[in-house]
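Okay, so the sequence shown: first residue is 40 according to our numbering, each after it adds one.
Even for Gly, the Cβ is constructed at its ideal location relative to N, Cα and C.
Following: one structure in C-alpha cells, then a few remarks.
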Amino acid sequence: MKKSAVFLLLSLCSSVILSGAEPDLTEGLWHVSIPENSGEIKPMGPSFRFKTDGTAELVYSEKVLKLKEQMRRDYKKRTGKDIQEPRIDFRWERQDNLLKLHGENSRLKFKRTEVYVIGKYPGVLMPQNRKQLILLARDGAKLLPEQAKKLFKRVEEATRDTFADKLKLPENVRLAEPEKELSSVHFFNRSHWRDAPEKSFQQEVVSAIGKGPKLADDADCRIPALEKLLARPETEAVFLQYLACNSEWRLYRDPLSGLHAVRYFRYPDGTIAASLNQFYAHFLPTGPNGKKVGDPALEFQFRFEIGLDGRAWNSSPLFPRDKTEHRGNTWHTRFSCGKALVNIVDQSNFPGRQMTAAALARTEKEFSQLPENLKDWKKCLPADSFRRGGPDLILRNGIQGGIYEAAVWCNPGEKGSIYLKAFEITKGTPLSVERLKMSSNCIPGWSDDPREQFFSAMNFTIYEGRWEQYYGARFEIWFRPDSGGPERKLFEKNYKIQGWER
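Following this line, the structure appears as C-alpha cells:
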C-alpha cells in the first residue's frame, strides 16, 4: 500500500514537472527571447517583471542600458536636447492557463495585447499567436530540440501564404507578362555599375573610387547652382518640373519628411535601375581564408539625395540626420544648400570621399545649365525622359519572384503625384495596398501636350501568393493633383504575376 502511494505521488510530481508546473509569475524576471534550432533560448535584451498589483515593469539588460545611454549622449551632442522616450504602461492578467500582457500609451494612441500560454514548457511562456516566435523565458530555460523544431514548424505553417493556392488565370482576359530581369546575371556581382553609358553621372561617380579628387574631412561642400535655382520662386518652379520630367531623378513627397529628389543609376544597356530606396552597391565576395577577393576599387555603396524641404529621407525627431557623420571611410555627407539639405552616402575602401567629390562636380555642371535655358529647359533632359504616344506601364522581373521594377509613361497634364493600385482579377482582391502605394509614389513629368508621355521608374513588391503561383492582376495608375482636385485613375493594364515568398 505504501509503495503504491509513493509511486502515485512520484507520478503526479513527474506529470507536474513535465507539463511545466504552475509557475509563480511574479517571481524573478521573464526575458523576451527567441528560440534556436538546438533548443537553446536566446534573450533579446528586454525582460518583464510581473508585479502582484497587476502592473508589469520593462527591465533592460546592462548591455541594452549602455547602448541607450550612448544614444542619449549622441543625441544630446547633435541636438543639444535630451531624448524624450515614450513611456508605455504595462499591465498583466491571468485567465486560466493564459497570461495577457497589455501595453498602452494614450498620447501615441498605442495599444497592444500579447497572449502567452502558461505551463506548456518549464520556465517558458509560449506565444499563443501561432505566427510568433518570440517568447518569455526564465534564466537558463531551454527547449528540447524536437520542441524547438515543432515550434518552428508551427510558425512556418501559420505564416504560409495560401492566397494563390486555388487561383487560376482569368479566361478571356489579355495578360501582359513582365520583361526579363536585367540584373539577374549581375545581382551578386554588381561590378557592372562601372559599365554605365559614357559620360553619365554614374560612370563619373563610380570611376572616381581610388582615382578621383578627394575631399578633406572638414571640406565646405556646396552646389552653387542649386542654391541659385532655389533662391527665386520662378526658377524653383522650373527646377522642380525639370526633376519631375527627368528620367534620372525620382521626385517624391514623403508624408513625414517632405519633398525629395533621389538620383538613379542605370544598367549597362542604359535602362534606369530603380533599386529599392535608390541605394547602389557592390560588395566583394569573401574567399576561403576569410579575406575579400577582387579589386578594392569595385566595392562601394552610394546614394545621392536632395531633401527639398530641408530634411533627410530617414530623418525623425529623435534622429534629425542633418549633419555630416562618418566612421572610417563610410561617410554621410549632409549640408544645407539654400532651403534644401543635400544628403550623400559614400562608402568605399579609400579615404577622401571621392564619389562625393565627383557627384558634387557633376551635379553642379548639370544644374548650372538650367538658369541659361529657363524657357527651353527640356533640351537639358536625358533623351529617354519623354516620348510621344499613349500611356503605358511596363513591368520587369526583379531579383526575386514577386519583386518588380516598373516603367510608367504618363502625362497627367498638371503637377501632382502618381501611385499604383493592384487587384487580383477574378475576385477583385486589393493587393499590397499600403506598401504598394508607398513604394510607387512619385511626382511624374507633365506638360500641356497630351501626346507627350514622361518616364517614371518604380520598384515594388507584391506580397500575396508564393513563387511560381501565377495569377492575373490589374494595375491601375492613380493621380493625386497638387491643385486639391479629386484623385483620378489615369489608365490600367493587366499582368500575369506571382507573389514574393517570405
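When the Cα of LEU214 is compared with those of ARG366, TYR510 and LEU529, which residue comes out closest?
-> Residue mapping note: residue 214 aligns to position 175 of the sequence shown, counting from 1. Checking every option, the nearest Cα to that of LEU214 belongs to TYR510.
DSSP-derived helix/strand/coil call for SER246 | Here residue 246 is taken as the residue at index 207 of the sequence shown, counted from 1. The answer is helix: DSSP assigns SER246 an H, G or I state.
Beta carbon of LEU290, beta carbon of CYS376: below 9 Å?
-> By 1-based counting over the sequence shown, the position of residue 290 is 251. By 1-based counting over the sequence shown, the position of residue 376 is 337. No, Cβ-Cβ distance for LEU290 and CYS376 is not below 9 Å.
What's the call for ASN144, buried or exposed, on a 16-neighbour Cβ count within 10 Å?
-> As a first step, residue 144 must be located in the sequence shown, where it is residue number 105. Classification of ASN144: exposed, given that the 10 Å Cβ count is below 16.
Where DSSP assigns a beta bridge to ARG117, which residues make up the other side?
-> In the sequence shown, counting from the first residue as 1, residue 117 sits at position 78. BP columns for ARG117 are empty, so no partner.
Between GLY297 and GLY346, is the Cβ-Cβ spacing less than 9 Å?
-> The residue you call residue 297 lines up with position 258 of the sequence shown. The residue you call residue 346 lines up with position 307 of the sequence shown. For GLY297 and GLY346, yes; Cβs fall inside 9 Å.
Please state whether DSSP places VAL71 in a helix, a strand or coil.
-> In the sequence shown, the residue the question calls residue 71 occupies position 32. Three-state DSSP puts VAL71 in a strand.
Inter-residue spacing [alpha-carbon to alpha-carbon] between GLU507 and ASN436 | Numbered from its first residue, the sequence shown carries residue 507 at position 468. Numbered from its first residue, the sequence shown carries residue 436 at position 397. Rounded to whole angstroms, GLU507 to ASN436 spans 13 Å at the Cα level.
Flag this pair as yes or no: are the beta carbons of PHE530 and GLU515 separated by less than 9 Å?
-> Translated into positions along the sequence shown, residue 530 becomes position 491. Translated into positions along the sequence shown, residue 515 becomes position 476. For PHE530 and GLU515, yes; Cβs fall inside 9 Å.
Among the residues of its own chain, which have a CB less than 6 Å from the CB of MET394, if the five just before and after it don't count?
-> Counting from one through the sequence shown, the residue named residue 394 turns up at place 355. Within the same chain, MET394 has close Cβ partners VAL244, ALA247, PHE341 and ASP385.
Just checking my contact of ILE122 with PHE149 at CB under 8 Å: how many whole Å lie between their CB atoms?
-> Taking the sequence shown and counting its residues from 1, the one referred to as residue 122 is at position 83. Taking the sequence shown and counting its residues from 1, the one referred to as residue 149 is at position 110. Rounded, the Cβ-Cβ distance is 18 Å, inconsistent with contact.
Could I get the ranges of all uninterrupted beta strand (DSSP E) runs contained in the region 270-303, with 3 residues as the minimum, in chain order?
-> 288-293 and 297-302
Cβ-based burial, ALA197 [other Cβ within 10 Å; buried from 16] = If you number the sequence shown from 1, residue 197 lands on position 158. ALA197 is exposed by the Cβ-count criterion.
Per-residue burial, ASN328 [other beta carbons within 10 Å of its own, 16 or more giving buried] = As a working mapping, residue 328 is identified with position 289 in the sequence shown. It counts as exposed.
Give the single residue among LEU268, ARG88 and LYS107 whose Cα lies nearest to the Cα of VAL98.
-> Within the sequence shown, residue 98 is the residue found at index 59, counting from 1. Of the candidates LEU268, ARG88 and LYS107, the one whose C-alpha sits nearest the C-alpha of VAL98 is ARG88.
Would you mind sorting GLU444 into buried or exposed? The rule is 16 or more other CB atoms within 10 Å of its CB.
-> Translated into the one-based positions of the sequence shown, residue 444 becomes position 405. Buried, since its Cβ has 16 or more Cβ neighbours within 10 Å.
Leaving out the 5 sequence neighbours to the left and right, which residues in its chain are closer than 7 Å to ASN136 when beta-carbon positions are compared?
-> As a working note, residue 136 is residue 97 in the sequence shown. Closer than 7 Å at the Cβ level, and outside the excluded window around ASN136, lie VAL156, ILE157 and GLY158.
How about ASN382 and PRO335: are their beta carbons less than 9 Å apart?
-> Counting from one through the sequence shown, the residue named residue 382 turns up at place 343. Counting from one through the sequence shown, the residue named residue 335 turns up at place 296. Contact: no.
Out of HIS371, TRP416 and ARG366, which has the shortest C-alpha to C-alpha gap to SER354?
-> One-based indexing of the sequence shown puts residue 354 at position 315. When each option's Cα is compared against that of SER354, the closest is HIS371.
How would you call PHE518, buried or exposed, if buried means at least 16 neighbouring beta carbons within 10 angstroms?
-> Residue numbering aside, residue 518 sits at position 479 when the sequence shown is read from its first letter. Label assigned to PHE518: buried.
Tell me, to the nearest whole angstrom, how far the beta carbon of CYS419 is from that of TYR303; I am working on the premise that it is less than 8 Å.
-> Residue 419 sits at position 380 when you count from the first residue of the sequence shown. Residue 303 sits at position 264 when you count from the first residue of the sequence shown. Incorrect: roughly 16 Å between the Cβ atoms, too far for contact.
What is the DSSP secondary structure of CYS260, reduced to helix, strand or coil?
-> For the purposes of this step, residue 260 is taken as residue 221 along the sequence shown, with counting starting at 1. Three-state DSSP puts CYS260 in coil, outside helix and strand.
What's the gap between the Cα of SER286 and the Cα of LEU175?
-> Along the sequence shown, one-based indexing puts residue 286 at 247. Along the sequence shown, one-based indexing puts residue 175 at 136. In a straight line, the C-alpha of SER286 is about 51 Å away from that of LEU175.
Provide the residue(s) that pair with MET165 in DSSP beta bridges, ordered along the chain.
-> In the sequence shown, residue 165 corresponds to position 126, counting from 1. According to DSSP, which records beta bridges pairwise, MET165 is partnered with VAL156.
Give the DSSP-derived three-state secondary structure of GLU66 in the structure shown.
-> Locating residue 66 in the sequence shown gives position 27, counting from the first residue. Coil, per DSSP.
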